Amino acid sequence: MEARKTNEEVLKETETTRSLMNRIRRRQAKFVGHIMRREGLENLMTTGRMEGKKSRGRQREKMLDGMTSWMGTKRVTDALSETWDRESWKNMIANAKGQGT
């Protein structure tokens, strides 16, 4: 019979910690990749290509702006062009966390 290890024991052995922000960022990046590969209202809303007037006041920070800062890309379009190639997008997400694939 094989001895079971708890998650905490494995984390101690590998000398790593759980990071909530990395988990959130990884899930956001996966979601954005999913949305960008589709042609729908979600894609239009995420990229901000909607017609009509902008609302008054300071513009809200977009999720894509925050992603480009922690992914290390200079422009949003550079990051979005990678979403069509899933392997490249996965590598970009893994390297943004500071861990290879």
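According to the UniProt record's numbering, the sequence shown holds residues 1 to 101 in order.
In this text, a Cβ means the ideal position worked out from N, Cα and C, and glycines have one as well.
Computed from a predicted model, the values in this text were never measured in an experiment.
*asked:* Mapping the DSSP letters down to three states, classify Met67 as helix, strand or coil.
replied: Taking the first residue of the sequence shown as 1, we reach residue 67 at position 67. Three-state DSSP puts Met67 in a helix.
_I'd like to check one pair, Ala94 with Met67: are the Cβ atoms closer than 8 Å?_
Here residue 67 is taken as the residue at index 67 of the sequence shown, counted from 1. Here residue 94 is taken as the residue at index 94 of the sequence shown, counted from 1. Not a contact, by the Cβ cut-off of 8 Å.
*So the alpha helix (DSSP H) Thr77 belongs to, where does it begin and stop?*
Along the sequence shown, one-based indexing puts residue 77 at 77. Its alpha helix (DSSP H) spans residues 76-81.
*Among residues of its own chain, excluding the 5 on either side of Met92, which ones have a beta-carbon nearer than 7 Å to its beta-carbon?*
As a first step, residue 92 must be located in the sequence shown, where it is residue number 92. Result list for Met92: Met71, Glu82, in chain order.
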